[in-house]
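Chains as they are written, first to last, in the working numbering: chain A, 1 to 365; chain B, 1 to 365; chain C, 1 to 365; chain D, 1 to 365.
For reference, the structure discussed in these notes is given below.
Number of protein chains: 4
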Amino acid sequence: MQALTYTRSSDHPSWSEVARPTIQDATDAVVRITTTTICGSDLHILKGDVPEVTEGRVLGHEAIGVIEELGSAVTSFAVGDRVLISCITSCGRCEQCRTGRYGICSGGGGWILGHTIDGVQADFARIPFADYSLYAVPDALDDEQVLFLADILPTAFEVGVINGKVQPGDTVAIVGAGPVGLAALMTAQLFTPGRIIVSDPLASRRERALEYGADVAIDPTNGDAAAQVLALTDGVGVDVAIEAVGLPATFESAVDMVRAGGRLANIGVHGKPVTLHMERLWTRDVTITTGLVDTWSIPMLLRLVEQGKLDGRRFATHHFDLDHVVDAYGEFGDAATSGVNKVVLHGDALVNRAGTADVLVAAVD
Amino acid sequence: MQALTYTRSSDHPSWSEVARPTIQDATDAVVRITTTTICGSDLHILKGDVPEVTEGRVLGHEAIGVIEELGSAVTSFAVGDRVLISCITSCGRCEQCRTGRYGICSGGGGWILGHTIDGVQADFARIPFADYSLYAVPDALDDEQVLFLADILPTAFEVGVINGKVQPGDTVAIVGAGPVGLAALMTAQLFTPGRIIVSDPLASRRERALEYGADVAIDPTNGDAAAQVLALTDGVGVDVAIEAVGLPATFESAVDMVRAGGRLANIGVHGKPVTLHMERLWTRDVTITTGLVDTWSIPMLLRLVEQGKLDGRRFATHHFDLDHVVDAYGEFGDAATSGVNKVVLHGDALVNRAGTADVLVAAVD
Amino acid sequence: MQALTYTRSSDHPSWSEVARPTIQDATDAVVRITTTTICGSDLHILKGDVPEVTEGRVLGHEAIGVIEELGSAVTSFAVGDRVLISCITSCGRCEQCRTGRYGICSGGGGWILGHTIDGVQADFARIPFADYSLYAVPDALDDEQVLFLADILPTAFEVGVINGKVQPGDTVAIVGAGPVGLAALMTAQLFTPGRIIVSDPLASRRERALEYGADVAIDPTNGDAAAQVLALTDGVGVDVAIEAVGLPATFESAVDMVRAGGRLANIGVHGKPVTLHMERLWTRDVTITTGLVDTWSIPMLLRLVEQGKLDGRRFATHHFDLDHVVDAYGEFGDAATSGVNKVVLHGDALVNRAGTADVLVAAVD
Amino acid sequence: MQALTYTRSSDHPSWSEVARPTIQDATDAVVRITTTTICGSDLHILKGDVPEVTEGRVLGHEAIGVIEELGSAVTSFAVGDRVLISCITSCGRCEQCRTGRYGICSGGGGWILGHTIDGVQADFARIPFADYSLYAVPDALDDEQVLFLADILPTAFEVGVINGKVQPGDTVAIVGAGPVGLAALMTAQLFTPGRIIVSDPLASRRERALEYGADVAIDPTNGDAAAQVLALTDGVGVDVAIEAVGLPATFESAVDMVRAGGRLANIGVHGKPVTLHMERLWTRDVTITTGLVDTWSIPMLLRLVEQGKLDGRRFATHHFDLDHVVDAYGEFGDAATSGVNKVVLHGDALVNRAGTADVLVAAVD
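Below, the structure is given as structure tokens:
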């Protein structure tokens, strides 16, 4: 079959002919991929930021597909079932999984797809621990309505909104209006905060944030973001700040936005240490949380989509046939120019594509 | 001044000339009433169901007004401030108040207005413990936008929605679509449940519930309500049932609607014991809560009203000049005929009214 | 092999020769039983109170043993491992299990051993869903130190102490000082309550409660138990009442002991409805919880036993060779006379026993 | 009267004759001090680390005394009552106080005694907001049993144990075994953790920690403390780390001790920023909390002392007559040599003392 793979010598993904995956363990499923998308972390991999990704690794960890083959120990699904593939694979048996912390599964799961094992930007993908890592898609929903429940919606909800304990009436700041920041903005509204302030340097993202329900959108290049937020909150700060960028400057600014007694929930993927001003924070009753998504919220988010109370399709600004995934990477990697939020890659299966991407990853965050 | 008072020999409220209240304790305020409303419990009092209410007691515990006079120990307000009078008076010092349980204040507060001391359906009212029992009304909001934050909105939110731990995606049943049931319906939506089922025997109330955001409205006279709810939920039951009536039959039905692992939050005012089927419940992981409102949520609800995210005015179906409060009682007391949800009683002050109400309280729940 | 089985025509258990269990599903284990015990619910079964138990059913749901055979899908254990058999079997895959509610597993688990499938008072037992229903026993611990973690310790802790939210400094009432009541007394102390009041009509149980750490033990036949508790708490009532009997009278008394703002956690196995005085409770901020144990706390309790901070052996007042299990049932069934709390049944395996028990079950609670 | 005051030009406290405090606001009390103690922050003040402390400020924020005079608005106490003076003064009216966050009171309270207003190391002290800042001492308890409930016990409990969510069975690391670290060790045991590891460079403190209930005491100068903790926990780390020192090195080490999914609760008083390794932490589900004590737990801790379940006297290693407070500062300031944990300063009132302390503050942490 064909798959999009990582080459250490290039920041372009390339189509490769690789062996079609088969059942290796009794808990595996093999899924034929029908719809997939690209994540910011795929761009990080292409840039060489994720050293554990090895040469030739199939990329991708968000997809919808149809079960083609099942290991003998899988009991929750049947061949032919249409399923959402969670970005998190979980063994379901380890102490972490038994307490709902699937993201830090110590039994061989966690974020492994397109990372330490082959991923889903391919004709077929092998999904370990299928009982715990796949979710049945209701017939009434199409792929695109459900696709973003594989990663960004549960990530933003669990790691941003739930860890940050957003409550009705709260004032919330969201630092960064990329796909995950916007997903935080969308899912924060499930709790009806009083006011949401979004900060992003790109005008197009600020506009999108206002469309998605932000009450105010500020430009951090237009003076210190924390100072702007304090000015908007009578000098008090916000109840909850959600960091959705992953840089020292944005993290430190997010901490400075939080009121005494407030919470900072980090979603950003960080590559460097940050400075924490404990000489100011030690008296301020601040709670800081970090974490990978556990995806416990996928069934609940599915119900909200079914009920028409959450619209995952809004994230999809650009659509590509899978033949043009290379173009999709290019547009997604240069969001400042292209205005892409998330792409949707459609196709019955990934056949008859060739060539190496000539995309240059312009900016990753 | 004039005030609406309780007469043991009549189920009609009557206008009486009573002494204008004055400061008795250093923590008191005297408030000139500008807007008030009628509560179901006022009707219970008129029917004689609340024996601790004595002859001549001034009725009413929900109002907005202007501070006329202040005790020397009150520090949070000034004469002339426009304030919301909470239905709960709280001393702020006792162990219950120190842990936020103002509704069961053991220092002389709790529900006392129009109950054990004179209430607010009058030209003026004395409010004990003013620092803890009044809330400043923002200039931008008119009386009617704020009036229902005195009682039914925080009651429904705290005792129904918060005690019931409504979460995004939950299926919620609300038993009873009177004013408090509708307030539960409105405030449950702050947490974006997946589906809300409302049960009420009155068609007009079921229609109103659908307008206010219920997904389904069932008629309990049309077959067992719990059986209808189970049929709507694949036999599983709801995550949260909120009882907003106060009768044994509705309580017992509400318990039967709850799924294994679910919650029952009681708001209803009960006059009789109920039967609890512990022989079925002991294995079902069900949590049952009771309680008076503490009104801790008033400042938060005020913020949501200010931000335009909660509209208290929707409750006000009928408006009366205070001269016609007797008519208002009549309409409110016969909601099945009148279609009243809540009334708003306007007036600069309650002057020049006369006569005794000839209203008959038709139905109280 | 031999097993202790239920005969509908008798309130005595009897030894029967039955087929040795084998692996039926890939997730099964067969365990050779080395130590077991008797539960109050075994007595209920013998009395005919549990109609779903069929003729010839092997009794028992608490045991320790050694894995003899494993299904192909079991990955957490190996043949020869010494394991604790949880009273709750859980599939680990259903929505209830995924949220930690193993006790109400909807995937074929729950309380099934010695109930709807054959149990553990036998030479061998088949345990479905072995990965989720067995726990490795550390080498340093002997069977008796761990045996009561199969049921009464996690039941008392989760359903009584955790559901009741016992906190440091709380005043706690425990109604009933049988095995589960004493387990609640022992595990409540993990949270250092300020005062624990135990109520039981048997003098020997009250004495044992005082030895186990109760601060006061009252006799409910010596005047109303709730009135005694109120007298001991300045008329306020307790923060948490734990019902560990299962009768209407004890439940209703336990509710009356709870302070405004307090919690009632039911552990008792109920056979009849109770009366709930909602006409008093609706204003009192009381939370009532029910539920079966989920056994999530078994790994934690195992750690405390390993650290010497919890001593499960204290429950074992009487020891029997498995040849004398019939005598053990007799003594356990007549605790008022025998003074038994829990029995331990030792044996390499259950061989060479014969006859039918001539024990009469005197009292079950 | 006489009082111990701060002189900017000296790191010694000195006795000064100052005006006896009087009632300034209706909510004030004047308390005659009978027993007091010295806190690490008093030493920080003497070293000049707390610039907001002005010349001549009376030191001290922990004491017991007798009410001498009361403002007209104080209703909870009478002249002659023996009271504990909380280190936190709280207005009881602001939004922070209304939600139990007394430590960050925005109405004029917080840590003000011996800091921004005159403190309690004096014959008499004025206590603002007396209703909220004093606690009645039960007759059966002597001063020394209650003294440490003014600050270190609630601080360690609320900011360390409660913020860190210590649960039964947890593995807990406490970094620093000074007075606050030992108070965290003592109050963590209210929740029966499975294992407590204490780290301190002083052998005498490690010995004391073992006496107070630590399971292991490690020496951080004997190899990296975090590495030692990981070695003791099979490489997993602890459920909760409590930082009780306040230096970048100890904070960063404490973070490194925490398991994926664990909590870090900071109690230490920090003077410098720390480095937070977000490049490692972002995936690890770690929660970090900071904060001043709110003292909500004082009534609960008083109950535990009354019940004999908490022994505050254990902290008091050295006793001084108030005439010798200067010596007390010397011993407390040089704990490495003196072995002092906390001192108790007794006296009917602070009379007839003279001179300037010749103590050199050797080490402050």
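Built from N, CA and C at the ideal position, the CB exists for glycine as well.
Collapsed DSSP secondary structure at residue i in the structure displayed
i	result
L360 (chain D)	Because the pLDDT at L360 (chain D) is just 33, under 50, the model does not fix this residue reliably, and the point stays unresolved.
H44 (chain C)	helix
G398 (chain B)	The question about residue 398 (chain B) has no answer, for chain B in this structure spans 1 to 365.
P13 (chain C)	coil
F148 (chain C)	helix
D239 (chain B)	strand
G261 (chain C)	strand
R284 (chain D)	coil
F320 (chain B)	strand
Y132 (chain C)	helix
Cβ neighbour criterion (16 or more within 10 Å) applied to residue i
i	result
A3 (chain A)	buried
T10 (chain A)	This sequence places Ser at residue 10 (chain A); Thr is not what is there. It counts as exposed.
S72 (chain B)	exposed
T337 (chain B)	exposed
R8 (chain C)	exposed
R206 (chain A)	buried
D234 (chain B)	exposed
T22 (chain C)	exposed
G237 (chain A)	buried
N341 (chain B)	buried
Q189 (chain D)	buried
Beta carbon proximity, residue i to chain C, threshold 9 Å
i	result
V229 (chain B)	no
M1 (chain D)	no
N352 (chain D)	Low confidence applies here, because N352 (chain D) scores a pLDDT of 36, under 50, leaving its location unreliable; read the following figure in that light. Not one chain C Cβ lies under 9 Å of N352 (chain D).
T171 (chain B)	no
L232 (chain B)	no
Residue i to residue j span [Cα, whole Å]
i	j	result
R20 (chain D)	Q121 (chain D)	13 Å
I267 (chain C)	G109 (chain C)	20 Å
E366 (chain A)	V326 (chain A)	The structure shown has nothing for residue 366 (chain A), since chain A only spans 1 to 365.
G176 (chain C)	V30 (chain B)	53 Å
M1 (chain B)	G330 (chain B)	23 Å
F191 (chain D)	I197 (chain C)	20 Å
A211 (chain C)	L134 (chain A)	Correcting the residue type first, residue 211 (chain C) is Glu in the shown sequence and not Ala. If I take the Cα positions, the gap works out to 52 Å.
Sequence-distant residues of the same chain with beta carbon closer than 6 Å to residue i, five excluded per side
i	result
K165 (chain C)	R263
G60 (chain B)	T36, G114, G119, V120 and Q121
Other residues of its chain near residue i: CB distance less than 8 Å, five sequence neighbours each side excluded
i	result
V79 (chain D)	I67, E68, E69 and L70
V286 (chain D)	V255, V258, A260, G261, G262, R263 and L264
C-beta neighbour in chain D for residue i, strict 9 Å
i	result
F251 (chain A)	yes
9 Å Cβ cutoff, residue i in contact with chain E
i	result
D215 (chain B)	You won't find chain E in this structure, because its protein chains are A, B, C and D.
Contacting residues, own chain, Cβ-Cβ under 7 Å from residue i (five flanking each side not counted)
i	result
P252 (chain B)	Correcting the residue type first, residue 252 (chain B) is Glu in the shown sequence and not Pro. Only V274 and T275 meet the Cβ criterion.
I368 (chain A)	For chain A, the structure presents residues 1 to 365; residue 368 (chain A) sits outside this window and is missing.
L232 (chain D)	I197 and V216
Proximity test, Cβ basis, 9 Å: residue i and chain B
i	result
A125 (chain D)	no
D358 (chain D)	Low local confidence applies: a pLDDT of 36 at D358 (chain D) is under 50, so the model's placement there is unreliable, with the coordinate-based value given in what follows. Taking Cβ atoms only, chain B never reaches closer than 9 Å to D358 (chain D), which makes this a no.
N266 (chain C)	yes
Min CB distance residue i to chain A below 9 Å
i	result
E144 (chain D)	no
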